[in-house]
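Structure, as structure tokens:
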Amino acid sequence: MSIYDTLNPEQKRAVLHNRGPLLILAGAGSGKTRVLTHRIAYLIDEAGVNPWNILAITFTNKAAREMRERVDNIVGYGSENIWVSTFHSTCVRILRRHIDRLGYDTNFTIYDSDDQKTLIREVCKYLDVDTKKFKERALMAAISHAKDEMMSPEQFERENQVDYGKRTIAKVYKEYQSRLKKNNALDFDDLINKTVELLRTNEDVLHYYQNRFKYIMVDEYQDTNTAQFELISTLASTVNEEGEMEHNLCVVGDDDQSIYKFRGANIYNILNFEKQYPDTKIIKLEQNYRSTKNILAAANEVIAHNTERKSKALWTEQEEGDPIYWQIFDTDRDEAESIAVDIANAVKNDDKMYSDFAVLYRTNAQSRILEERLVNLGVPYKIVGGVNFYQRKEIKDLLCYLKTIDNGNDDISVKRIINVPKRGIGLTSVDKVQVHAIDKGISFYQALTEAEYIPTLGRAASKISPFVSMIEILKGKLHNPDYSLLDLFDEIIEATGYVDELREDGTIESQTRIENIQELRNKIASYLDSTDEPSLSNFLEEVSLVADIDTVTDDTNVVILMTIHSAKGLEFPYVYMCGMEDGIFPSYMTITSDDPTEIEEERRLCYVGITRAKKKLSLSAAKMRMQNGEMKFNKPSRFINEIPRFLLKQTGAISAPRFPREDSAFVNSFGGSSNYGTIPSKMAASPYKKPAPLNKSANTMFDKPKTGSSLLNSIPNLQKGLGAAKSFQPNYKVGDTVKHIKFGTGMITKMQQSGNDYEVTVDFEGSGQRKLRASVARLKKL
DNA sequence: CTCAAGAGCCTTTTT
DNA sequence: GGCTCTTGAG
Numbered sequence: 003m004s005i006y007d008t009l010n011p012e013q014k015r016a017v018l019h020n021r022g023p024l025l026i027l028a029g030a031g032s033g034k035t036r037v038l039t040h041r042i043a044y045l046i047d048e049a050g051v052n053p054w055n056i057l058a059i060t061f062t063n064k065a066a067r068e069m070r071e072r073v074d075n076i077v078g079y080g081s082e083n084i085w086v087s088t089f090h091s092t093c094v095r096i097l098r099r100h101i102d103r104l105g106y107d108t109n110f111t112i113y114d115s116d117d118q119k120t121l122i123r124e125v126c127k128y129l130d131v132d133t134k135k136f137k138e139r140a141l142m143a144a145i146s147h148a149k150d151e152m153m154s155p156e157q158f159e160r161e162n163q164v165d166y167g168k169r170t171i172a173k174v175y176k177e178y179q180s181r182l183k184k185n186n187a188l189d190f191d192d193l194i195n196k197t198v199e200l201l202r203t204n205e206d207v208l209h210y211y212q213n214r215f216k217y218i219m220v221d222e223y224q225d226t227n228t229a230q231f232e233l234i235s236t237l238a239s240t241v242n243e244e245g246e247m248e249h250n251l252c253v254v255g256d257d258d259q260s261i262y263k264f265r266g267a268n269i270y271n272i273l274n275f276e277k278q279y280p281d282t283k284i285i286k287l288e289q290n291y292r293s294t295k296n297i298l299a300a301a302n303e304v305i306a307h308n309t310e311r312k313s314k315a316l317w318t319e320q321e322e323g324d325p326i327y328w329q330i331f332d333t334d335r336d337e338a339e340s341i342a343v344d345i346a347n348a349v350k351n352d353d354k355m356y357s358d359f360a361v362l363y364r365t366n367a368q369s370r371i372l373e374e375r376l377v378n379l380g381v382p383y384k385i386v387g388g389v390n391f392y393q394r395k396e397i398k399d400l401l402c403y404l405k406t407i408d409n410g411n412d413d414i415s416v417k418r419i420i421n422v423p424k425r426g427i428g429l430t431s432v433d434k435v436q437v438h439a440i441d442k443g444i445s446f447y448q449a450l451t452e453a454e455y456i457p458t459l460g461r462a463a464s465k466i467s468p469f470v471s472m473i474e475i476l477k478g479k480l481h482n483p484d485y486s487l488l489d490l491f492d493e494i495i496e497a498t499g500y501v502d503e504l505r506e507d508g509t510i511e512s513q514t515r516i517e518n519i520q521e522l523r524n525k526i527a528s529y530l531d532s533t534d535e536p537s538l539s540n541f542l543e544e545v546s547l548v549a550d551i552d553t554v555t556d557d558t559n560v561v562i563l564m565t566i567h568s569a570k571g572l573e574f575p576y577v578y579m580c581g582m583e584d585g586i587f588p589s590y591m592t593i594t595s596d597d598p599t600e601i602e603e604e605r606r607l608c609y610v611g612i613t614r615a616k617k618k619l620s621l622s623a624a625k626m627r628m629q630n631g632e633m634k635f636n637k638p639s640r641f642i643n644e645i646p647r648f649l650l651k652q653t654g655a656i657s658a659p660r661f662p663r664e665d666s667a668f669v670n671s672f673g674g675s676s677n678y679g680t681i682p683s684k685m686a687a688s689p690y691k692k693p694a695p696l697n698k699s700a701n702t703m704f705d706k707p708k709t710g711s712s713l714l715n716s717i718p719n720l721q722k723g724l725g726a727a728k729s730f731q732p733n734y735k736v737g738d739t740v741k742h743i744k745f746g747t748g749m750i751t752k753m754q755q756s757g758n759d760y761e762v763t764v765d766f767e768g769s770g771q772r773k774l775r776a777s778v779a780r781l782k783k784l
């Protein structure tokens, strides 16, 4: 019996297909990752494909990591030579080698959305564009959209000459792009676009990668945008031994789970795949292995309300299971309380794990009240999404020091830290230096080094030179091979007095920041542990491509809270979908939109949410909800009505929704005859009471700093804040054989506790002895 | 140049 | 409600 005998007939057909384009339409929970990994194994073990010729692309690092793990487990030989990576890291890897062909330096910086916004703001100031009329957000979105469609600034300008607004956008786009280049920086979209540009303009590079990636697999294909499609289709044209053109491209996706149109995903990539590649073989995976019959029926019914979709019907051999639970609460607080109590009881009485539960919601803002109730009941949890670790002020500041040292052309980073901590270099001085930089056509940092020759600066120049010499000294030390990244990090903290200042501050907030900095230091340490040839640039790059979902691991026993978007690809035995109200989900924006396809995207999102549940799905809504500081009255989500009655079990008090009278002073602010209502928060009467303040001494982690956002999200806080029991507890001990994703198998020779973590020494078969941090290394006991 | 207080915006989702 | 940006006083 071979590993392929465990597959169902469709899965098997997909796995055994080894040449030519293949489209796998894989419904939720139909085992697509299994198919992909088995197909890789088949290609290597049976079809004689060199592992080196295989590229598997995903969207998130988490998905890539999981696939890598599973591939490693079933591919006998050479699995480390398979490229399994995300779109963005694949591109970075290619660009680091060849981007000099496009006039960039190979140590380019990657800008996150914060940096982008800063740059846009600068551009607007420079071009005299009123940011009241043209919001940075809107400009960013417009530019990003253009890039998704691979439209260059020049092309955008040509095609948008009539409309004043669009002309302005074109101007901003052009300047933005030229400044990115000046700063030797790429934004997320550029990573894809520049790679395509590189391949199109450099035949030798193109041939190299076409030859290398003879077999390409793409996961979540329905989420690809035009640029990503171009990338893939450009790569996936190879010539075989017989001299014929081949497209060994295998894409896996589900049009019903396309939920990223707002981000530029082009659903026609999947809908028209067979037109792009006429000899495409299409395989549908419709058997679901995840959910009960009832859950699946609910999902099928909801999604059937969409018009534009490829026909598909999921089925399962599983039992009917529980009904779908549905409950309407008076307030959002009641809703949150009920969910928290439910979970706490289930864990206490029914022997469930916290990690069996997930609470899903439409918007990140909904997490706050849930979090509050969970804390209250002592239920451990982790929030995924919101503001990620690397965007916190203190982390960004220190990263910008590193970036400045790494790439002096990155003006944005330099400007961010020039006066952090305070050095008496204010905005006026910065502007003067900037003017000088533009005049001379040099970078901002370069201009700083010439500060004493900038006459307008006057005495301020004397404040600048110590900063420059500090950076120069640190830069110089980097050349010493014995000087590690950790030394550099410590020296930055020492030289800037960053932590000292926080310490003097003495507030709980500063304390948390110090802990975050410590955590960043740990991350550097574990980076050094796990990388063969560590470098500053490489570290910064890894950091910039981390998404919050990537930090979710299934080895921590906590309840997971996240948006439905983040939940795609995951599954949980027990799922709560809360805030099932018109105006929340589907969102107000899509309800009022002229574009009817928007509500369909919301419905797909609902479908994604429902299909995350394996055993039990609980839906809930609140009649009254605090939103943007206002009390809102929403009616139950239309999606609830789309689930057949007999599948639902409504629990709790069934009272008619209470809405404000139309003629009252509280008439809704949306206008029209909708059922929405809103009243200012001050007028909102009980039962909505302000929750009691959290106990500070017991929950220092739950105090938020004024700037930066929720500190509740990060793993370190989780480990620290939830008591001793929540520190990292490995399930292995000295003498055990473990597997590391990169170093392979080895034996644990030593384990030493350090704080909430363990330092584990492993003797690896291939790479010898290494010290690893248990919480990061994620060793698997064999 | 820095800090504090007030205005205004926000909320759809994120690699 | 909470975050960010602007404004005006020291």
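As numbered in the numbering used here, residues 3 to 784 make up the first sequence, in order. Every residue, glycine too, gets a C-beta built ideally from N, C-alpha and C.
Could you pull the DSSP bridge partners for Pro-638 from this structure?
Residue 638 sits at position 636 when you count from the first residue of the first sequence. Bridge partners of Pro-638: Glu-583.
List the DSSP bridge partners of Lys-283.
One-based indexing of the first sequence puts residue 283 at position 281. DSSP, once it has assigned bridges, lists Leu-24 as partnering Lys-283.
Take every Cβ of the stretch 568-587, pair it with every Cβ of the stretch 622-633, and state whether three or more of those distances are shorter than 8 Å.
Yes: at least three Cβ pairs fall under 8 Å.
Using the C-alpha atoms, what's the distance from Ile-59 back to Pro-23?
Taking the first sequence and counting its residues from 1, the one referred to as residue 23 is at position 21. Taking the first sequence and counting its residues from 1, the one referred to as residue 59 is at position 57. If you take the alpha carbons of Pro-23 and Ile-59, they lie about 16 Å apart.
By Cβ distance below 8 Å, which residues in the same chain neighbour Ala-301 in space, the five residues on each side in sequence not counted?
Here the question's residue 301 lines up with position 299 in the first sequence. Around Ala-301: Ala-30, Ser-293, Leu-316, Tyr-609, Ile-612, Thr-613.
First and last residue of the alpha helix (DSSP H) that includes Leu-563?
For the purposes of this step, residue 563 is identified with residue 561 of the first sequence, where counting begins at 1. No alpha helix (DSSP H) holds Leu-563; the beta strand (DSSP E) holding it covers 561-565.
Pull up the DSSP beta-bridge partners for Tyr-760, would you.
Locating residue 760 in the first sequence gives position 758, where the first residue counts as 1. According to DSSP, Tyr-760 bridges with Gln-755.
If you compare alpha carbons, which of Asn-308, Thr-108, Leu-530, Gln-393 is closest to Ala-187?
Along the first sequence, read from residue 1 onward, the residue named residue 187 stands at position 185. Minimum Cα distance to Ala-187 is reached at Thr-108.
Restricting to Cα atoms, I'd like to know which of Cys-580, Val-554, Ile-456 is closest to Ser-568.
Numbered from its first residue, the first sequence carries residue 568 at position 566. With distances taken between Cα atoms, Ser-568 lies closest to Val-554.
Pull the bridge partners of Lys-479 from the DSSP assignment, please.
On the first sequence, position 477 is the one that residue 479 refers to. Lys-479 pairs with nothing; no bridge assigned.
Residues in its own chain within less than 7 Å of Asn-733 by CB, not counting five upstream and five downstream?
In the first sequence, residue 733 corresponds to position 731, counting from 1. Taken in chain order, the residues that qualify are Lys-783.
Could you check what DSSP says for Asn-227 in three-state terms: helix, strand or coil?
Taking the first residue of the first sequence as 1, we reach residue 227 at position 225. It is a strand residue.
Taking the Cβ atom as the reference point for each residue, do Glu-288 and Lys-314 lie within a distance shorter than 9 Å?
Locating residue 288 in the first sequence gives position 286, where the first residue counts as 1. Locating residue 314 in the first sequence gives position 312, where the first residue counts as 1. Yes, these two residues count as a Cβ contact at 9 Å.
How big is the Cα-Cα spacing for Gln-329 and Glu-603?
As a working mapping, residue 329 is identified with position 327 in the first sequence. As a working mapping, residue 603 is identified with position 601 in the first sequence. Roughly 24 Å between the two C-alpha positions.
Would the beta-carbon of Thr-558 fall within 9 Å of that of Lys-442?
Counted from its first residue, the first sequence places residue 558 at position 556. Counted from its first residue, the first sequence places residue 442 at position 440. Result no, Cβ atoms of Thr-558 and Lys-442 do not sit closer than 9 Å.
Quick check for students: name the residue ranges of the alpha helix (DSSP H) that lie wholly in the stretch 161-206, counting only runs of 4 or more.
Counting whole runs of 4 or more residues, the stretch 161-206 contains the alpha helix (DSSP H) stretches 166-184, 190-203.
Identify whether Arg-505 lies in helix, strand or coil by the three-state DSSP scheme.
In the first sequence, counting from the first residue as 1, residue 505 sits at position 503. If DSSP states are grouped into helix, strand and coil, Arg-505 belongs with the helices.
If distances are taken between C-alpha atoms only, which option among Ile-414, Thr-406, Leu-404, Leu-459 comes closest to Gly-426?
Indexing the first sequence from 1 puts residue 426 at position 424. Taking only the C-alpha atoms, the option nearest Gly-426 is Leu-459.
Looking only at its own chain, which residues have a Cβ that is under 7 Å from the Cβ of Ser-546, when we skip the five neighbours before and after it?
In the first sequence, the residue the question calls residue 546 occupies position 544. So the qualifying residues of the chain are Ile-112, Asp-114.
Rounded to whole angstroms, what's the CA-CA distance from Gly-255 to Ala-28? Just pull it up for me.
Taking the first sequence and counting its residues from 1, the one referred to as residue 255 is at position 253. Taking the first sequence and counting its residues from 1, the one referred to as residue 28 is at position 26. If I take the Cα positions, the gap works out to 6 Å.
Using a threshold of 9 Å, state whether the C-beta atoms of Lys-173 and Leu-121 are closer than that.
Position 171 of the first sequence holds residue 173. Position 119 of the first sequence holds residue 121. Contact flag unset, no.
So the alpha helix (DSSP H) Val-1 belongs to, where does it begin and stop?
As displayed, the chain neither begins before 3 nor continues past 784, which places residue 1 out of reach and without an answer.
Of all the options Asp-531, Glu-535, Met-753, which has the alpha carbon lying nearest to the alpha carbon of Arg-772?
The residue you call residue 772 lines up with position 770 of the first sequence. Looking at the Cα atoms, Asp-531 is the closest of the given residues.
Kindly list the residues whose CB is nearer than 6 Å to the CB of Leu-251, restricted to its own chain and excluding five residues on each side of it in sequence; keep chain order.
Walking along the first sequence from the start, residue 251 turns up at place 249. Pro-23, Ile-218, Ala-238, listed in sequence order.
Indicate whether Ile-285 and Leu-650 have their beta-carbon atoms separated by less than 9 Å.
Here residue 285 refers to the residue found at position 283 when the first sequence is read from its first residue. Here residue 650 refers to the residue found at position 648 when the first sequence is read from its first residue. No, they are not a contact pair.
Classify Thr-333 as helix, strand or coil using the three-state DSSP reduction.
Within the first sequence, numbered from 1, the residue matching residue 333 stands at position 331. DSSP places Thr-333 in strand when its eight states are reduced to three.
Can you check DSSP and say which residues form a bridge with Lys-384?
One-based indexing of the first sequence puts residue 384 at position 382. Answer is Ile-562.
Can you tell which of Asn-482, Ile-420, Arg-21 has the C-alpha that lies nearest to the C-alpha of Met-472?
Locating residue 472 in the first sequence gives position 470, where the first residue counts as 1. Considering only alpha carbons, the answer is Ile-420.
Do you know how far the Cα of Tyr-79 is from the Cα of Asp-705?
In the first sequence, counting from the first residue as 1, residue 705 sits at position 703. In the first sequence, counting from the first residue as 1, residue 79 sits at position 77. With a pLDDT of only 28 at Asp-705, under 50, the local geometry of the prediction cannot be trusted, and no value is derived from it.
For Ser-622 and Phe-331, what's the separation of their Cα atoms in angstroms?
For the purposes of this step, residue 622 is identified with residue 620 of the first sequence, where counting begins at 1. For the purposes of this step, residue 331 is identified with residue 329 of the first sequence, where counting begins at 1. Approximately 7 Å, taken between the alpha carbons.
Hey, which unbroken runs of the alpha helix (DSSP H) at 4 residues or more fall wholly within the stretch 309-385?
Here the runs fully enclosed are 334-352, 369-379.
State the Cα-Cα distance for the pair Tyr-166 and Thr-592, rounded to the nearest angstrom.
For this step, residue 166 is matched to residue 164 along the first sequence. For this step, residue 592 is matched to residue 590 along the first sequence. Going from the Cα of Tyr-166 to the Cα of Thr-592 covers about 27 Å.
What is the DSSP secondary structure of Trp-54, counted as helix, strand or coil?
Indexing the first sequence from 1 puts residue 54 at position 52. Residue state, collapsed to three classes: helix.
Identify the residues that DSSP records as bridge partners of Ile-87: which are they?
As a first step, residue 87 is located in the first sequence; it is residue number 85 there, counting from the start. The question names Ile, yet the displayed sequence has Ser at residue 87. In the DSSP output, where bridge partners are listed per residue, Ser-87 has Ile-59.
Once you ignore the five residues that flank Thr-39 on each side, which residues in its own chain have a CB closer than 7 Å to its CB?
Your numbering for residue 39 matches position 37 in the first sequence. Met-69, Arg-72, Val-73, Ile-76.
Which value, in whole angstroms, describes the spacing of the CA atoms of Ile-397 and Lys-64?
For the purposes of this step, residue 397 is taken as residue 395 along the first sequence, with counting starting at 1. For the purposes of this step, residue 64 is taken as residue 62 along the first sequence, with counting starting at 1. Straight-line Cα distance between these residues: approximately 22 Å.
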